[in-house]
Amino acid sequence: MKITDVEAIPLRLPYVDGDRCDGTQDALIIRVHTDEGLVGLGEVDSSPTVAKAIIDAPPSHSLARGLRDILLGQDPFDVQMLWRKMVEGTIYFGRAGAALQAISGVDIALWDIVGQATGQPIHKFLGGSYRDRVRVYASAIMPETVKEVHEQVNYLADEGYTAIKLGWGPLGRVSENLDIELVRAARAAAGSNDLMIDIGLVWDAAQATRMARRFEEFNLFWLEEPLPPDDLAGYAKLADSVDIRIAAGEQETTYQGFIDLIEKGHVDVVQPDLARAGGLTPAVRLAQYAYDHNILCVPHAFSTGILVAASLHYVASMPHGRLAEFTVSESPIARDLLAEPFQLETDGTVRVPQTPGLGIKVNEEVLRRYAQVPVKEC
Ligand SMILES: [Mg+2]
């Protein structure tokens with residue numbers, strides 16, 4: 010089998026609020042086409058315009074090539090070799106950041122082709138079927154007021170979620186007392202369900218340690234990204250001095266970045282985003298590393314159903330796969346892109362696809378409605 014094209018399709022809502030920390034306002038969908046008619050589906054979580062350029066760029070020389078140029082004519086079954094070729098072919102402008110994010114979407118699409126061609130769901134290639142359902146946590150932006158927090162958390166618990174995360178919004182940005190009141194309200198409404206809080210990169214180690222101690226009475230499942238992503242010394246100080254799990258990693262794009270978060274930052278939970286951190290190929294290695302070191306690995310996912318599908322296969326294949334993120338964004342890009350959107354089961358889990366590849370189909374009408382470029386017929 011040979012790769013005949015790599016299509017990068019940016020999706021965008023008619024209005025995008027650049028001040029809002031909400032990654033569901035746009036997306037970059039990847040389709041890898043083959044000479045046997047199979048089409049692999051993937052997704053990149055980045056600036057779609059930036060990542061698309063990394064795929065479409067003509068070659069400058071052997072270390073500065075667009076991903077399409079690297080992949081044309083190659084056999085998609087060489088997925089791990091192609092991952093290496095993509096990393097080496099983008100060394101000039103890559104090695105991390107947007108290049109790794111762009112590679113992520115292609116890597117997911119290549120695994121989708123391997124699965125479709127062999128008739129097997131992707132998790133069979135990643136480590137096996139440890140589970141056919143994955144417990145998910147509802148992920149939402151922290152509302153501005155105590156009243157709205159009650160409404161939001163009550164709504165999510167009524168929907169059947171057994172774990173709920175609220176993040177960003179006013180947290181860490183108005184006052185410590187407001188943070189405490191919002192988290193207190195979330196805990197009261199969440200009852201016995203698990204609760205996670207995502208601060209959003211704004212504190213230093215001293216403030217984070219002080220606030221984590223004040224949060225201890227709320228029995229959080231984890232406290233996420235209280236510090237900027239490169240403050241590894243701060244993460245280590247924090248993680249070593251409080252009794253709350255510290256989670257981080259969604260900003261990381263390299264395997265070594267995650268190892269540093271664990272070894273130097275002492276985090277308790279790593280959160281690779283499969284559409285940012287190089288795709289499934291390096292994420293499987295990371296999950297094995299995390300398992301060997303008894304560190305939770307819970308994939309970050311705040312985009313379309315394509316990323317949800319990849320995350321479900323990933324957690325299904327992990328010996329210690331406890332949870333996956335499940336955005337409750339109302340954006341039609343997040344909610345409506347799949348022909349059959351994932352449904353929450355009554356026990357707070359989502360079924361892992363068992364059909365070949367990713368096991369999902371895109372709603373072509375929704376794809377075309379938000380696409381910023383012409384889309385190939387599939
Ligand atoms: Mg987060």
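Residues in the sequence shown are numbered from 10 upward in steps of one, following the working numbering.
Virtual Cβ for every residue (Gly too), placed ideally from N, Cα, C.
Note that this is a predicted model, so its numbers are computed, not measured.
Report task. For R40, name the three-state secondary structure that DSSP assigns. Result -> R40 carries a strand assignment under DSSP once its states are collapsed to helix, strand and coil.
Report task. Could you pull out every residue in the same chain whose Cβ sits closer than 7 angstroms to the Cβ of T8, ignoring the five residues on either side in sequence? Result -> Residue 8 is absent from the model: the chain starts at 10 and stops at 387.
Requested in this report: Taking only heavy atoms of ligand 1 into account, decide whether any of them is closer than 6 angstroms to the Cβ of D207.
Outcome: Because some heavy atom of ligand 1 lies under 6 angstroms away, the Cβ of D207 counts as near it: yes.
Query raised in the report: Is it the case that the Cβ atoms of V53 and Q110 are separated by a distance below 7 angstroms?
Result: Going by beta carbons, V53 and Q110 fall inside the 7 angstroms limit.
Query raised in the report: Can you tell me whether P383 is buried or exposed, with buried defined as 16 or more other CB within 10 angstroms of its CB?
Result: P383 comes out exposed.
Report task. Flag this pair as touching only if the region 186-198 and the region 232-242 have three or more C-beta atom pairs under 8 angstroms; answer yes or no. Result -> Not touching, per the Cβ criterion.
Report task. Name the residue from A310, I315, Y379 and L376 whose alpha carbon lies nearest to the alpha carbon of G368. Result -> Per the Cα distances, I315.
Query raised in the report: Taking the continuous beta strand (DSSP E) assigned at R142, which residues delimit it?
Result: Per DSSP, R142 belongs to the beta strand (DSSP E) from R142 to I150.
**Report entry** Between the CA atoms of P365 and Q129 - distance to the nearest angstrom
**Finding:** The alpha-carbon of Q129 is positioned some 4 angstroms away from that of P365.
Query raised in the report: Under 6 angstroms from any heavy atom of ligand 1, does the C-beta of E234 make it?
Result: Yes, since a heavy atom of ligand 1 falls inside the 6 angstroms radius drawn around the Cβ of E234.
Query raised in the report: To which residues of the same chain is R182 closer than 7 angstroms at the C-beta, ignoring the five residues directly before and after it?
Result: The beta carbon of R182 lies closer than 7 angstroms to those of V211 in the same chain, with the five residues before and after it left out.
**Report entry** Cβ-Cβ separation, P308 to S320 (assumed contact under 8 angstroms), whole Å
**Finding:** Taking 8 angstroms as the upper bound for CB-CB distance, S320 and P308 are in contact here, some 4 angstroms apart.
Report task. Would you grab the beta carbon distance between A296 and T336 for me? Rounded to a whole angstrom, and I think it's under 8 angstroms. Result -> Contact doesn't hold; Cβ gap of about 21 angstroms is too wide.
Requested in this report: On the DSSP bridge assignment, give the partners of H70 in chain order.
Outcome: A73, per the DSSP bridge assignment.
Query - Boundaries (first-last residue) of the alpha helix (DSSP H) holding A284 - result: Per DSSP, A284 belongs to no alpha helix (DSSP H) and is neither H nor E.
Query - Burial state of D301, where buried means 16 or more other Cβ atoms lie within 10 Å - result: Exposed.
Query raised in the report: Just to check, is the beta-carbon of E259 closer than 6 angstroms to a non-hydrogen atom of ligand 1?
Result: Yes - ligand 1 has a heavy atom lying nearer than 6 angstroms to the Cβ of E259.
Query raised in the report: To which residues does DSSP link F86 through a beta bridge?
Result: F86 is not bridged to any residue.
Query raised in the report: What are the complete beta strand (DSSP E) segments, minimum 3 residues, inside the region 103-169?
Result: Complete beta strand (DSSP E) runs here, min 3: 142-150.
Requested in this report: Name the residue from A60, D78 and D31 whose alpha carbon lies nearest to the alpha carbon of T13.
Outcome: A check of alpha carbon separations from T13 across A60, D78 and D31 identifies D78 as the nearest.
Query raised in the report: Using CA coordinates, which residue listed in G288, R222, S326 and V317 is at the minimum distance from V359?
Result: Checking every option, the nearest Cα to that of V359 belongs to V317.
Query raised in the report: How big is the Cα-Cα spacing for Y244 and V15?
Result: Near 39 angstroms, if we compare the C-alpha coordinates of V15 and Y244.
Requested in this report: Please check the pair R140 and A325, which I expect to be a contact at CB under 8 angstroms, by giving their CB distance rounded to whole angstroms.
Outcome: About 6 angstroms separates the two Cβ atoms, so the contact holds.
Query raised in the report: Where do the N-terminal and C-terminal ends of the alpha helix (DSSP H) with P341 fall, by residue?
Result: It spans P341 to R344 - the alpha helix (DSSP H) in which P341 sits, taken as one unbroken run.
Query raised in the report: With distances taken between CB atoms, is the gap from L180 to A214 smaller than 7 angstroms?
Result: Their beta carbons are not under 7 angstroms apart, which means L180 does not touch A214 by this criterion.
Requested in this report: Please classify S69: is it buried, with 16 or more other beta-carbons within 10 angstroms of its beta-carbon, or exposed?
Outcome: So S69 ends up on the exposed side.
Query raised in the report: Which residues mark the beginning and the end of the alpha helix (DSSP H) in which A248 is found?
Result: Looking at the DSSP string, the run of the alpha helix (DSSP H) that includes A248 is L241 to S250.
**Report entry** Whole alpha helix (DSSP H) elements within the region 288-358, 4-residue minimum
**Finding:** Contiguous alpha helix (DSSP H) elements confined to the region 288-358 occur at 289-301, 314-325 and 341-344, taking only those with 4 or more residues.
Requested in this report: Mark Q89 as exposed unless 16 or more other C-beta atoms lie within 10 angstroms of its C-beta, in which case mark it buried.
Outcome: Exposed is the label assigned to Q89, since fewer than 16 other Cβ atoms lie within 10 Å of its Cβ.
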